[in-house]
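Read through the structure below, which is laid out as structure tokens, and then see the notes.
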Amino acid sequence: MLDLKMLYKNLMELSEKYGSVFTIQLGLEKIVVLTGYETVKEALVDHADTFAERAKIPVLEMQANGYGISFGHGESWKQMRRFALMTLRNFGMGKKTIEDTVTEEARFLVQEIQSHEGRPFDTAVPVTSAMANIICWIVFGERFDYKDKTFCTITKLIRENFNLLGTCTVQMYNAFPFLGFLPGTHKKIFENRTQMVQLILNFYKEHEKTLNENDIGSLIDAFLVKRKEESKNSNSYFHDNNLVTSVTNLFAAGTDTSSSTLRWAILLMIKYPEIQGSVQGEIERVIGSERVPTMEDRKRMPYTNAVLHEVQRFANIIPMNMPHATTTDIHFRGFFIPKGMQVIPLLSSVLYDKTQWEKPNEFNPSHFLDAEGRFVKREAFMPFSAGRRICLGESLAKMELFLFFTTLMQRFTFHALPATPLDLTPCVGFTLSPKPHQVCAIVR
0 MLDLKMLYKN
10 LMELSEKYGS
20 VFTIQLGLEK
30 IVVLTGYETV
40 KEALVDHADT
50 FAERAKIPVL
60 EMQANGYGIS
70 FGHGESWKQM
80 RRFALMTLRN
90 FGMGKKTIED
100 TVTEEARFLV
110 QEIQSHEGRP
120 FDTAVPVTSA
130 MANIICWIVF
140 GERFDYKDKT
150 FCTITKLIRE
160 NFNLLGTCTV
170 QMYNAFPFLG
180 FLPGTHKKIF
190 ENRTQMVQLI
200 LNFYKEHEKT
210 LNENDIGSLI
220 DAFLVKRKEE
230 SKNSNSYFHD
240 NNLVTSVTNL
250 FAAGTDTSSS
260 TLRWAILLMI
270 KYPEIQGSVQ
280 GEIERVIGSE
290 RVPTMEDRKR
300 MPYTNAVLHE
310 VQRFANIIPM
320 NMPHATTTDI
330 HFRGFFIPKG
340 MQVIPLLSSV
350 LYDKTQWEKP
360 NEFNPSHFLD
370 AEGRFVKREA
380 FMPFSAGRRI
390 CLGESLAKME
400 LFLFFTTLMQ
410 RFTFHALPAT
420 PLDLTPCVGF
430 TLSPKPHQVC
440 AIVR
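The sequence shown runs 0 to 443 under numbering that gives the first Met the number 0.
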């Protein structure tokens, strides 16, 4: 019997018995599970086109309807992904770059943490707010005060839905969608989604009124211009449904995962104070205490870079990966997988693959360092997945993590509450996030 709450662990155990390719039955659907670096890489990279489709998961399909970036299909998905990548790239080269924005937001996060004056606080709200503000700047062209009512509603809806997606009742709905009329948390997800859509449409209408095609200041502006360019094309994909769903996708993907990763980083620095001290030592040598960190610093900070990579590997934020589906029939590793089959390339099995990592179950930054202390890339480092559906915000996420983390380590030393055991057991939702906890941040 599969434990829907800890499914990723069940699948890891099953792979030891049945090998790197096996089939499970979840409700009405058979699902192929791929485990281990070699198998997952062969599927997502070597056979990228065949495993490029997104599986149709009922709770996600009801929200996306095939639109947007994360759960879109076919040509619509390709165009939305291409548009989002191009827009992110353009924002990286403007007068105010994304790096400038992250650096500025890091300053606001420092101020928020300083306001606690060394007293215990939960990192969840300030860190999530900082990450959400980066997406707000990209999508809306503005940032918000952490206590702004609309902004707090956005972050609350995102946080709630990510937690609800991992509940057993939602898993049951996905397995037996015809039971959707029954009470369950899937209905709360749809309510939250409706509220989020209305908030986005309100911003959308405001941008329509003030649009200046010679001064594109947000993704919504860029979308409006593109929609106008294609106004005579009746088959254009630049319509309201794709905009709203794409913006929702960006908030979901760019807020919860990044904030959970940074919170894990802080928690692990508290758990391993000697590693926190070594990171701070490298920051002092390379950056000092006065200058703000920049992305140029990363190449001269192999230890900090290794620590951040190990945080992402060890934290295993999205253990199940986003479900894929096959675009054609394929014979794969001795098995026949038909077109349209749902496939789970299990990221946990890659990030904890015993054949790829010396000490997979330990937090060990040496996984990314050679004997001389130089940073080493590892092929099995796949927290952003791989292939056609690799996370489009990978570069942004890496930038956020480096700049926020180094800024916080430069300004504070983090401690646990006295006589309070540190619990590294994750809170299981759609992602693996830290359990609610409090920390103390002492100004350095």
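Just so you know, even glycine gets a beta-carbon here, dropped at the ideal spot from N, CA and C.
Tell me where the beta strand (DSSP E) around residue i begins and ends.
| i | result |
| --- | --- |
| Leu-25 | 20-25 |
| Ile-336 | 334-336 |
| Ser-432 | 431-433 |
Apart from the five residues just before and just after residue i, which ones in its own chain have a Cβ nearer than 6 Å to its Cβ?
| i | result |
| --- | --- |
| Asp-468 | Not covered by the structure: residue 468. The range shown for the chain is 0 to 443. |
| Gly-140 | Gly-216 and Ser-217 |
| Glu-281 | Met-300, Tyr-302 and Thr-303 |
| Ser-19 | Thr-34, Gly-35 and Thr-38 |
| Gln-409 | Ile-282 |
| Phe-383 | Ile-389, Cys-390 and Glu-393 |
| Phe-150 | Phe-143 |
| Gly-26 | Ala-174 and Phe-175 |
| Leu-3 | Cys-167 and Gln-170 |
Please state whether DSSP places residue i in a helix, a strand or coil.
| i | result |
| --- | --- |
| Phe-70 | coil |
| Val-196 | helix |
| Pro-125 | helix |
| Pro-420 | coil |
| Pro-425 | strand |
| Gln-355 | coil |
| Leu-1 | coil |
| Cys-390 | coil |
| Met-398 | helix |
| Pro-482 | Here the chain covers residues 0 to 443 and nothing more, so residue 482 does not appear. |
| Gly-253 | helix |
| Val-243 | helix |
| Phe-143 | coil |
| His-385 | For clarity, residue 385 is Ala in the given sequence; the question names His instead. DSSP places Ala-385 in coil when its eight states are reduced to three. |
| Val-291 | coil |
| Lys-204 | helix |
| Lys-231 | coil |
Residue i: which of the options sits nearest, CA to CA?
| i | options | result |
| --- | --- | --- |
| Asn-360 | Val-310, Ala-396 and Gly-91 | Val-310 |
| Cys-426 | Leu-43, Arg-118, Glu-103 and Asn-315 | Asn-315 |
| Asp-328 | Pro-382, Asn-234 and Met-340 | Met-340 |
| Ile-343 | Lys-353, His-323 and Val-138 | His-323 |
| Gly-386 | Tyr-145, Thr-152, Leu-163 and Thr-325 | Thr-325 |
| Leu-198 | Gln-110, Ile-157, Gly-35 and Thr-424 | Ile-157 |
| Glu-52 | Ala-42, Met-61 and Val-58 | Ala-42 |
| Glu-212 | Pro-125, Lys-227, Asn-201 and Leu-200 | Lys-227 |
| Phe-335 | Lys-204, Tyr-7 and Thr-22 | Thr-22 |
| Trp-136 | Ser-384, His-436, Thr-102 and Leu-423 | Thr-102 |
| Arg-80 | Asp-255, Thr-244 and Gly-276 | Thr-244 |
| Pro-272 | Leu-13, Phe-413, Tyr-17 and Asn-9 | Phe-413 |
| Glu-60 | Lys-77, Asp-45 and Gly-179 | Gly-179 |
| Leu-266 | Val-44, Pro-435 and Lys-55 | Pro-435 |
| Gln-113 | Lys-376, Leu-407, Arg-312 and Gly-67 | Leu-407 |
| Thr-254 | Val-126, Phe-202 and Phe-401 | Val-126 |
| Gln-275 | Met-171, Thr-405 and Ser-258 | Thr-405 |
| His-185 | Leu-1, Thr-166, Pro-382 and Val-196 | Thr-166 |
| Asp-220 | Lys-204, Lys-298, Leu-395 and Met-321 | Lys-204 |
| Gly-183 | Gln-355, Tyr-172 and Asn-201 | Tyr-172 |
| Glu-289 | Asn-191, Arg-106 and Leu-164 | Arg-106 |
| Tyr-7 | Leu-346, Asn-201, Glu-371 and Asp-45 | Leu-346 |
| Ala-305 | Lys-4, Thr-256, Gly-372 and Val-58 | Gly-372 |
| Val-58 | Thr-209, Lys-231, Thr-424 and Phe-161 | Phe-161 |
| Glu-98 | Ser-432, Lys-397, Ala-418 and Phe-429 | Lys-397 |
| Glu-116 | Ala-418, Phe-411 and Leu-13 | Phe-411 |
Who are residue i's beta bridge partners in DSSP?
| i | result |
| --- | --- |
| Thr-412 | Ile-441 |
| Leu-33 | Val-20 and Pro-344 |
| Arg-53 | His-323 |
| Phe-374 | Leu-368 |
| Ile-329 | Ile-336 |
| Glu-28 | Leu-25 |
| Phe-120 | Val-438 |
Less than 8 Å between C-beta atoms, sequence neighbours within five positions excluded: which residues of the same chain meet that for residue i?
| i | result |
| --- | --- |
| Pro-337 | Thr-325 and Asp-328 |
| His-238 | Arg-226 |
| Arg-262 | Thr-122, Ala-123, Val-126, Ser-432 and Pro-433 |
Cutting at 7 Å between CB atoms, please list the residues of its own chain near residue i, excluding the five before and the five after it.
| i | result |
| --- | --- |
| Ala-415 | Ile-269, Leu-421 and Val-438 |
| Ser-277 | Tyr-302 |
If you follow the alpha helix (DSSP H) that residue i is part of, which residue opens it and which one closes it?
| i | result |
| --- | --- |
| Cys-151 | 148-164 |
| Glu-41 | Where Glu-41 is concerned, there is no enclosing alpha helix (DSSP H), given that its DSSP letter is neither H nor E. |
| Gly-276 | 272-285 |
| Lys-227 | 218-228 |
| Phe-107 | 97-113 |
| Leu-181 | First-last for Leu-181: undefined, no H or E at that position. |
| Thr-168 | 167-174 |
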